[in-house]
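Novice: Dumping the structure here so I can ask a few things about it.
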Amino acid sequence: MVVEHRPGQEITVSYWLVQDQDTVREYYRPLIDSTGFHVFGSKLLVLPDHFYPLKNSTPLLEIDWTAFPQGYLLQNSFAHQPRRQRIRVLQEQLSNSIFIGGQWRLHTFKVMEKPVYFAIRGDWGKMPEDSLVQMLEKTVNVQRAFWNDYNTPLFTVVLTPVYGVWTENSKSCSCTGTGLTNSFSAGATNNPCMDDLVVLTYVFNHEMMHHWIGLDIRNKTEELQYWFSEGFTDYYTYKNMLRSGIYSTKDFVDTWNMEVFEKHYKSQNKTTPNYKIKEAFWTDPDISKLPYRRGEIFAFYLDNQIQIHSAGEKSLDNLMFDLLAHSRKENRPWTNEDFLDLCAKYLDEDLSAFFEQHIIVGEPIDFEKIELAKHWTVEVKEGIPVLGIGRE
Ligand SMILES: [Zn+2]
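Numbering (my numbering), first residue to last: 18 to 409.
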């Protein structure tokens, strides 16, 4: 929209935000009805182009929540129950936020005195909501302990139902999520397939991990670095689920074999080069999973090599802590060169050629030729690596 005005004239813009679907299928669009609302920051706020004059600027945004009845729930990435709200964040942090209100079931707990709010709505049948809250609490505790990062003053998690057919002949089951500023949001079909919490547990652990990988450690070239921001996120999703006891070692091995090794090595796209991910990520479902699997397999490889090289003293975890500290100190997106510099520091050798071959060109790693740390084994059967539990 273009607004024409005299120089210096004060402008007031009014607009209505409406839901444009009768049944919620498109979870990223504004959801607004008589019972409440669920809107991402990028969809809620119409801002003038010049509101953010510079890339690193954080102008003051004030929101007055008026005309909401007493006791009406208001929750967003920046505050709980605000009436007048002052927000000073980067443009992308404002876009990557969530605002909800109205009829939600709000669960709260604290981690090191810092509140976590979990809002859920809708009918989830037999899904045990208490167990879901407990799983979230465990997840936040374990991941914050992993990063040794308890700085977030307030954290918000939102789960909203999305419509999916569930009949004798047609059973739709999906869950999607997005990591946001001091929050994450997930949308899932509230069908019986969510009852056992398996899918929700994975999605919650994955989206929580984006608080650090993706939002703190930011990509410079978006899709071209999804092998890291999705792949390493997934690797640390699984690794921290194992660490927290959500996964037993057997669960970890079974999931890894089924979801990672088998799906990657059987995929027709396993040799698709990295640059093609940029074009097809949003249109081709098999390509959109490629950077996850390729990246987490690379992370698994690297974790093993660092452990072997340091005789078990160090692991990929240490490299990740360094990368987080580096990203915060430099306050800029990380580059492949930053990553390779850190690899060289931990391996005492240049990993550039191997990285080029397996991430950029996309040749699958041949695990017949790879040495692993003693707690794992990998056997290659008909071209597909199979993870097993090792001696130590
Ligand atoms: Zn992700």
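Beta carbons: idealized from backbone N, C-alpha and C, even for Gly.
As the structure is a computational prediction, the values presented were derived from the model and not from experiment.
1. Nearest to Lys295 by CA position, among Gly194, Tyr243, Phe116 and Leu259, is which residue?
2. Please classify Glu240: does DSSP put it in a helix, a strand, or coil?
3. Whole angstroms is fine: what's the gap from Glu330's alpha carbon to Phe85's?
4. Compare the beta carbon distance of Gly139 and Asn207 with 8 Å and say whether it is the shorter of the two.
5. Output needed for Pro76: all residues of its chain with C-beta closer than 8 Å, excluding positions within five of it in sequence on either side, in chain order.
6. When a residue counts only if its C-beta is closer than 6 Å to some heavy atom of ligand 1, which residues count, in chain order?
7. Where does Ser369 fall in DSSP's three states?
8. On a Cα-Cα basis, can you pick out the residue from Thr238, Ile325, Val277 and Met337 that is closest to Asn291?
9. According to the neighbour-count rule (16 or more other Cβ atoms, all chains shown, within 10 Å of its Cβ), is Lys391 buried or exposed?
10. Taking the beta carbon of Leu91 as the centre, do at least 16 other beta carbons fall within 10 Å, making it buried, or is it exposed?
11. Grouping DSSP H, G and I as helix and E and B as strand, with all else coil, what is Gln26?
12. Relative to the C-alpha of Asn199, which residue among Met211, Glu224 and Thr193 is closest?
13. Identify, in the order they occur along the chain, each residue of the same chain with its Cβ nearer than 7 Å to the Cβ of Ser246, setting aside the five sequence neighbours on each side.
14. How about the region 184–201 and the region 19–36: do they share at least three Cβ pairs that are nearer than 8 Å?
15. What span of residues does the beta strand (DSSP E) with Ser202 cover, start to end?
16. Going straight from the alpha carbon of Val128 to that of Thr156, what length do you get?
17. Start and end of the alpha helix (DSSP H) containing Arg161?
18. Assuming Leu359 contacts Leu336 under a Cβ cut-off of 8 Å, what Cβ separation, rounded to an integer in Å, is found between them?
19. Looking only at its own chain, which residues have a Cβ that is under 7 Å from the Cβ of His375, when we skip the five neighbours before and after it?
20. Can you find the residues in the same chain that come closer than 7 Å, C-beta to C-beta, to Leu197, ignoring five residues on each side of it along the sequence?
21. I need the DSSP call for Ala136, collapsed to helix, strand or coil.
22. Anyone know if the C-beta pair for Leu217 and Leu149 falls short of 8 Å?
23. Beta-carbon separation of Leu48 and Thr177 under 8 Å?
24. Runs of 4 residues minimum, wholly inside the region 292–345: which ones carry the alpha helix (DSSP H) assignment?
25. For Leu389, I'd like the list of residues in its chain whose CB is within less than 7 Å of its CB, leaving aside the five on either flank, ordered along the chain.
26. May I ask you to report which of helix, strand or coil DSSP gives Leu71?
27. Under 8 Å, do His326 and Tyr282 count as touching if we go by C-beta distance?
28. Using C-beta distances below 6 Å, list every residue in its chain close to Met152, excluding the 5 sequence neighbours before and after it, in chain order.
29. Excluding five sequence neighbours on each side, which residues of the same chain lie with their C-beta closer than 8 Å to the C-beta of Leu214?
30. Measure the alpha-carbon distance for Val175 versus Phe221 and round it to whole angstroms.
31. Give the DSSP-derived three-state secondary structure of Asn186 in the structure shown.
32. How many angstroms separate the CA atom of Ser410 from the CA atom of His97?
33. What do you get for Asn73, buried or exposed, if any count of 16 or more other CB atoms within 10 angstroms of its CB means buried?
Specialist: According to the structure data:
1. Tyr243
2. helix
3. 56 Å
4. yes
5. Phe68, Tyr69, Pro70 and Arg105
6. His223, His227, Glu247 and Thr250
7. helix
8. Thr238
9. exposed
10. buried
11. coil
12. Glu224
13. Ile230, Gly231 and Asn236
14. no
15. Ser200 to Thr206
16. 11 Å
17. Glu146 to Trp164
18. 5 Å
19. Phe315 and Ile382
20. Ser94, Asn113, Ser114 and Ile115
21. strand
22. yes
23. yes
24. 292–297 and 302–326
25. Asn321 and Val395
26. coil
27. no
28. Thr218
29. Met144, Pro145, Ser148, Leu149 and Met152
30. 10 Å
31. coil
32. This structure does not reach residue 410, given that the chain is present from 18 up to 409, and the question cannot be answered.
33. exposed
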